[in-house]
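Numbering (our numbering), first residue to last: 941 to 1851.
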């Protein structure tokens, strides 16, 4: 600190005196000689670090125990990664420094838990370990909080507070390992075990705990040895669950393509009947065929992973629908085959629920696209071939044991609840899983209200949603009586109410409660449902799920569907109906499970089997944390032509991120937006956070890949088709508006204030109502024109107005009321998209064809910030325009990949 104090406390936002204490990376990695000094001491301690791992293994190794070997392996890995982030500093290679650092932190969890479990029964050492481990993991909470305050909110001094917790983290970590000295008192330097601990003659802490906790859930679960074959079995089952949910969530997205292009009911919506495939069990003998030949039906369900090879959209839908049907039959058939074996039944349910969690993690990693969906391929980021290969291995592994025979005792005439109510409960939890938990950012989009940030953001808080799901599942496995109670149902319903009625953190906390409860109650409801006929439970559940899918679409698509106005904007009704259906399932389960207490007992082998699923779940949770860290926004974005103070703004109606051939179009969109050098772009028809759109968020892909801030809204619970804003400039403030729409679809708008080169400039992104609703459009025109007129700052409108130039509502948008000007009044060929502005100097305007990405062109305008708006402008040829203000030549003539300047065949410029 004495050598380079002011330099090492300086960060990308603030320096001294706002920041006055350096982070670990700044201290050890940025300057000489501090960096070399630290590296020398790390080198000196490397020998003791390896010795620590080696001696700890000798101390804890016991016959027929694999855990000491696993902990030793983790310890070696931690030591190597410590060298990684020490010797590859952030200055040398930022990405590899982060990879080594996060690997070290992730490995610390199993190392810490493993050391605690293997600790010799030394009360003093165990006490210190527990305290230091608690301090280490407790410190992560404020550490992440202040990092977000610094990185996202740009709070002065937040990084100094972060630095203190970062240094504390290191001290606690070193202190935890230093406690080992208390256990090594039993060792002589000759490494001779004088107390016989390594020969299993003395009890470890784990032994003492297991003896004390014998008969309790945790003790029963982890009291057995570790076998790699069983961990592979659990991983295969979870991956099969992932494939089930990947195919299941893809069907709605494929169905959506057809009404999207038909602008109404297309007929292909009938494909959702595949969700109710258990109704096919009404066919005599089908249940026997499915339960006796599970591998065949399971392999047929993998056809959904091959659907990406089918080029024709309708055929791709049919293949995926067939896969969903086979997947449903396979899953329900296996449940019924195993319903007399409580351990196997629990494993099926757990793997299915964890498959949802893995699906959500995969979408978290791939920015809300599932890499094995039929809308993906190698060209747009898909991992279809790898996904199929792993799926084949998982099916072979899962079915190597063959169908179950026998099992725990099942009472011949147990008292059972209502099969219909059980079916409603299954349909309800499946709908919550699909509509709110299939993507970790869905509930966050419900509570997002714009800048400044006052609640959760998709990254990193998506990992919190995933954690709540995993925690709920574990709780439900250990305490089914509690999770199946009416008290738990009431708490879950309260969470649903908070999510529906509140924004920001309050709404998100409610969503976490709902996520926890949904996964917790899943084992209870499904284990009850399998006591009934599959047709009258899972068939009814499938029908109810289809009803809820239509219900939650009708509330926003009311202008295009029969009976839509009856449920217009009633997401609250959707949530109430969902929770009532889950309540029906809880009621039925209470009756069914009350008469099956004896049969619900899990054998010791079943408890051991449960532990392997929890190991896999722990690995998935660590993976989600790593993804959140690697995807954390950098917020250091730079405009394309900052030296010229040029702003290039565009408007594009992106058709929900599906192109004309039913492929996800985010990568193609990103490419053309980057090539057009857009600093600010408004995206319309961009809200995909519903089942039929795949629960996606195209702004995550575009913003992260292009280095832009993103705002989207109003959210999916506000019943619009969505508007979004991407900006290279910081978004100082943004407000979401729902414009008057008494008859037709709701008109969304984002009113944002951006910091453009030190000057505040407003940007409005707006989508007006349809041509069929002239009164709606008139009211919206007046509302928006008044809003723009009241802004004292320079303003750019990026809009979809549904009007002809110089006619009708156009003359209100471009008027004294709004103070706005048309970027090019001579452009007679517009109908929907318009760029308007005020108090800015316009320099250029162009229209670019969209190829097959969507059905709407891109309109682009160039402005200069900081120069007065000229009173008399004139058109000038391109050669008179400074290079930094010109449009890219790439799109001249025939352009590139179907994108070219059209209508005018060249950009227009003014001075």
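We put the beta carbon where it would ideally sit given N, CA and C, even for glycine.
Mapping DSSP to helix, strand and coil, what is residue 1409? helix
Would you mind reading off the limits of the alpha helix (DSSP H) that contains residue 1238? 1234-1241
Status (buried if at least 16 other CB within 10 Å, exposed otherwise) for residue 1055: buried
What do you reckon, are the CB atoms on residue 1090 and residue 953 nearer than 9 angstroms? yes
Neighbourhood of residue 1347 by C-beta, 6 angstroms cutoff - its chain only, sequence neighbours within 5 removed: Residue placement at residue 1347 is flagged as unreliable, the pLDDT there being 38, under the threshold of 50; a coordinate-derived value is accordingly withheld.
Count Cβ pairs between the segment 1252-1259 and the segment 1170-1178 that sit closer than 8 angstroms; are there 3 or more? no
Using CA atoms only, rank isn't needed, just tell me which of 1042, 1013, 1016 is closest to residue 1025. 1042
Within 10 angstroms of its Cβ, does residue 1254 collect 16 or more other Cβ (buried), or is it exposed? exposed
Which of helix, strand or coil DSSP assigns to residue 901: Given that the chain is displayed from residue 941 to residue 1851, the structure contains no residue 901 and the question cannot be resolved.
Looking at the strands, I want to know which residues DSSP matches up with residue 1762. 1776
Classify residue 1857 as buried or exposed, calling it buried when 16 or more other Cβ atoms lie within 10 Å of its own Cβ. The question about residue 1857 has no answer here: the residues shown for the chain are numbered 941 through 1851.
Residues that DSSP places opposite residue 1785 in a beta bridge: 1801, 1848
Do residue 1073 and residue 1124 have their beta-carbon atoms positioned less than 9 angstroms apart in this structure? no
Tell whether a beta-carbon distance below 9 angstroms holds between residue 1481 and residue 1218. Yes. Within cutoff.
8 angstroms contact criterion, which residue 1602 and residue 1194 should meet: CB distance rounded: 7 angstroms
In whole angstroms, what is the alpha-carbon distance linking residue 1575 and residue 1614? Whole-angstrom Cα-Cα distance: 18 angstroms.
Of the choices 987, 1490, 1300, whose alpha-carbon is the least far from that of residue 1379? 1300
Quick check: the Cα distance between residue 1304 and residue 1851, rounded to an integer number of angstroms? 46 angstroms
Could you round the C-beta distance between residue 1529 and residue 1468 to whole angstroms and report it? I think they count as a contact, below 8 angstroms. With 8 angstroms as the limit, residue 1529 and residue 1468 qualify as a contact, their Cβ atoms being about 4 angstroms apart.
Taking only three categories from DSSP, how would you classify residue 1030? coil
DSSP on residue 955, reduced to helix/strand/coil? coil
Thinking C-alpha only, which one of 1501, 1798, 1034, 1015 is nearest residue 1044? 1015
Is it the case that the segment 1797-1807 contacts the segment 1586-1593, given that we only count it when at least three CB pairs across the two stretches are under 8 angstroms? yes
Contact check, residue 986 vs residue 1023 under 8 angstroms by CB: the rounded distance? 7 angstroms
Burial state of residue 1081 (16 or more Cβ within 10 Å): Classification for residue 1081: exposed.
Locate the beta strand (DSSP E) running through residue 1735, then write down its first and last residues. 1735-1740
Measure the C-alpha to C-alpha separation of residue 1050 and residue 1019 and round it to an integer number of angstroms. 14 angstroms
Tell whether a beta-carbon distance below 9 angstroms holds between residue 1666 and residue 1706. no
Please report the residue range of the beta strand (DSSP E) in which residue 1591 lies. 1586-1593
Three-pair Cβ contact test at 8 angstroms for the segment 1672-1690 versus the segment 1717-1725: yes
If you draw a straight line from the C-alpha of residue 1448 to the C-alpha of residue 1559, how long is it? 25 angstroms
Sequence-distant residues of its chain with Cβ nearer than 6 angstroms to residue 1836 (five each side left out): The answer, listed in chain order, is 1830.
Can you tell me whether DSSP reads residue 1615 as helix, strand or coil? helix
If you check the beta carbons only, do residue 1848 and residue 1788 fall under 9 angstroms apart? No, the Cβ-Cβ distance between residue 1848 and residue 1788 is not below 9 angstroms.
Could you pull the start and end residues of the beta strand (DSSP E) that residue 1651 belongs to? Start and end: 1649-1652.
Nonlocal neighbours in the same chain, by C-beta distance under 7 angstroms from residue 1162, ignoring five residues either side: The predicted model places residue 1162 with a pLDDT of 49, which falls under 50 and marks its position as unreliable; any figure quoted below should be read in that light. Here the set comprises 1551.
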